[in-house]
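Below is one structure; the comments refer to it alone.
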Amino acid sequence: MISTSTSELRDNLELQSMRSDSLPARNTQAGALSEMSVEPHSVAALHGDGGLMEDEDSFVIPSTGKTRSLLKLGVSFFLFGLINNVLYVIILSAALDLVPPSTPKGIIAFCNITPSLLVKLGWPYLIRGRIRYARRIVSCCVLSFVGMLVIALHESVLSRLFGICLASFSSGLGEMTFWQLSTTFNHPSVGGRCVGYFASGTGAAGVVGAFMWWELRGLGVRTGVGISAILPFILPLTFFFLLPRPTAFLHPSSSASYMPIPDDDLETGFDDESTPLSAEIIVKSKVSVSISIADKWRLGKPMLLKYMLPLCERLPLYFEYTINQGVAPTLLYPVPSHGLISKIIHSIRDYYPLWQLVYQITVFLSRSTLSLGLKPLPARLLPAPAIIQFVILVILVLESAFGLLPESRAEGSIFLVFLLISIEGICGGLAYVNVFYRVNQEQPDPSSVHDPELARQEREFKIGSIGFADGSGILLASILAVPTEIGLCRAQVARGKYLCQGL
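Just so you know, the working numbering puts 378 at position 369 of the sequence shown, and the rest follows in order with no gaps.
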């Protein structure tokens with residue numbers, strides 16, 4: 010509890026202000042220049058043509074801690090994205106091994122996304138007040154661990170689907186939580202770094218997850234999935250011991266007018282202490298601040314128009330997962346007997362994991378564009394990934410159902426599929442990282458500028474609420490993937506190609 014009265018806090022602030030004003034301006038400037046260094050690669054400054062934040066001031070932090078703090082920040086958010094999403098990818102990559110051959114693989118995708126979608130749809134609107142990040146992250150760790158153990162230790166389809174649902178719920182809650190956590194780093198350049206590295210981590214999860222299952226599948230489901238169950242424990246370890254606090258990125262000259270909440274007011278350590286609050290705001294924070302449902306709807310409507318309309322976020326995910334779960338399992342060819350591809354493909358069942366690996370590698374590269382210093386897509390180009398992916402979906406459906414090249418030219422068909430899935434992954438990654446980057450960089454609502462705590466919760470709500478768009482796209486694709494896979498397999502059988510029946 011805060012023991013200092015309001016009047017005493019205000020007197021202290023006035024005294025600090027008088028002392029600050031009494032210092033010679035020249036000495037203050039000289040001291041600042043000697044102790045500070047300028048971050049040369051401010052994300053907002055680099056991306057003025059498409060960014061939403063107009064603040065072009067360089068980000069300034071203590072020179073002695075700049076490199077280390079930024080490195081820890083990048084590694085932390087990269088690990089958050091990697092570990093939170095890697096189990097999701099492992100489950101999708103292991104789809105052929107988790108259910109019998111007669112079970113459509115789309116049911117795995119359905120159970121792997123539905124709980125996550127429900128979290129993203131309801132959680133931002135139902136939960137009120139300040140987010141307790143430590144509690145959430147520990148809960149996600151436990152849920153993921155239990156879910157993977159259920160998958161590993163039970164052989165029945167229903168039990169494994171239940172374990173997948175637990176892991177999906179944890180993944181959806183974790184992804185939303187880490188996006189919201191990025192908004193607690195208030196300066197645009199720092200928030201932009203969080204978005205870039207988290208998106209890069211989610212892309213790396215695809216590569217790591219697909220590669221891990223490629224190597225672990227020989228050990229069987231019980232051992233392979235059991236080994237992956239220990240990965241979620243990296244999340245709380247990173248949060249508590251590696252992630253720097255937002256106060257590490259503040260200008261020291263602002264520290265005189267700010268005062269962290271005392272330790273006896275902290276519930277999680279990070280949740281409240283991480284945000285610098287003036288003494289007056291500390292007093293205000295004693296009164297509970299939360300966003301009403303009406304205000305959330307008011308904030309959510311512009312997000313729907315900007316980012317959640319089909320051409321911006323939903324359709325790219327729909328096209329991606331329709332290809333990956335409905336079309337890719339039917340893109341099968343005879344096992345090659347010579348050439349480089351023969352060293353990779355040893356059986357018909359190797360094609361599906363290969364397509365998943367190609368897709369995940371290209372998604373990783375495209376989701377890492379911001380963390381590599383490349384500019385985000387201009388707003389006018391956000392619909393482009395969806396358009397390109399629609400064209401790819403049509404071509405791959407035609408290839409699967411009718412065969413665009415003769416059966417004697419199977420290597421040409423394999424190369425065509427490889428190329429199209431690569432482009433699909435690039436488009437999907439670009440759509441993902443650019444939408445979340447733009448939401449993170451949005452200006453606070455004018456009505457909440459006077460209340461930093463309210464502005465913080467609004468920023469958290471905005472970036473948490475748009476996750477529903479990609480989740481709904483994936484869910485719709487997983488539902489349609491089942492009849493799509495069955496229909497394409499029937500079309501292949503009708504033209505005398507029976508490979509899909511051997512999976």
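Where is the CB? At the ideal position from N, CA and C, for every residue including glycine. Keep in mind the model is a prediction, meaning the values are calculated, not measured.
Just so you know, the alpha carbons of Arg145 and Thr192 end up roughly 16 Å apart. Around Val234, the same chain offers Met157, Ile160 and Ala161 as residues with beta carbons nearer than 6 Å, after the five sequence neighbours per side are excluded.
Only residues of its own chain outside the window of five on either side were considered, and among them Pro245 have a CB closer than 6 Å to the CB of Val147, listed in chain order. In this structure the segment 212 to 228 touches the segment 348 to 366; the number of beta carbon pairs closer than 8 Å is three or more. When the beta-carbon positions are compared, Glu451 and Ile140 stay at least 8 Å from each other. Boundaries for Glu451: no alpha helix (DSSP H) harbours it, and the DSSP string shows neither H nor E there.
The alpha carbon of Gln334 has as its nearest neighbour, out of Phe86, Cys120, Ser85 and Tyr507, the alpha carbon of Cys120. It is roughly 33 Å from the alpha-carbon of Ile100 to the alpha-carbon of Lys384. Cα atoms of Val344 and Ser356: separation of roughly 6 Å, rounded to the nearest angstrom.
Cβ-Cβ separation between Phe328 and Gly210: approximately 23 Å, too far for a contact (criterion under 8 Å).
Counting of Cβ neighbours within 10 angstroms places Pro387 among the exposed residues, the total staying below 16. Nearest Cα to Ala503 within the set Leu489, Leu127, Ala410 and Leu340: Ala410.
When the alpha-carbon of Phe87 is set against those of Leu252, His459 and Leu391, the nearest one is in Leu252. Across the set Pro241, Cys436 and Thr256, the C-alpha of Cys436 shows the shortest separation from the C-alpha of Ile370. Here Tyr206 has Gly83, Phe86, Phe87 and Ser380 as same chain residues with Cβ atoms under 6 Å from its own Cβ, once five neighbours each way along the sequence are excluded. Three or more Cβ pairs drawn from the segment 484 to 495 and the segment 335 to 342 lie within less than 8 Å of each other, which places the two stretches in contact. For Ala213, the enclosing alpha helix (DSSP H) begins and ends at Pro197 to Leu225. Per DSSP, the unbroken alpha helix (DSSP H) holding Asp304 starts and ends at Ile302 to Met312.
Beta-carbon to beta-carbon, Pro124 and Gly200 are separated by about 28 Å, too far to satisfy the 8 Å threshold.
Rounded to the nearest angstrom, the gap between the Cα atoms of Ile302 and Pro311 is 15 Å.
About 20 Å separates the CB atoms of Arg376 and Ala118; that is not less than 8 Å, and the two are not in contact.
Judged by DSSP secondary structure, Pro362 falls within the alpha helix (DSSP H) whose first and last residues are Tyr360 to Arg376. Between the beta-carbon of Val108 and that of Val155 there is about 20 Å, and that puts the pair past the 8 Å contact cut. By the C-beta criterion, the segment 417 to 429 is judged not to be in contact with the segment 182 to 191, since fewer than 3 inter-stretch pairs fall below 8 Å. Bounds of the alpha helix (DSSP H) holding Pro461 are Pro461 to Ser474.
Between Val151 and the set Lys81, Ile243 and Ser78, the nearest pair of CA atoms involves Ile243. For Cys174, the uninterrupted alpha helix (DSSP H) segment begins and ends at Val166 to Ser191.
If you look at Cys150, you'll find it in the alpha helix (DSSP H) that goes Tyr142 to Leu162.
Here DSSP, grouped into helix, strand and coil, assigns Arg499 to helix. For the alpha helix (DSSP H) assignment, the uninterrupted runs of no fewer than 4 residues enclosed by the segment 393 to 422 are, from N- to C-terminal side, 393 to 410. The C-beta of Glu164 has fewer than 16 other C-beta atoms within 10 Å across all chains shown, which makes the residue exposed. A direct Cα-to-Cα measurement between Val204 and Trp223 gives close to 29 Å.
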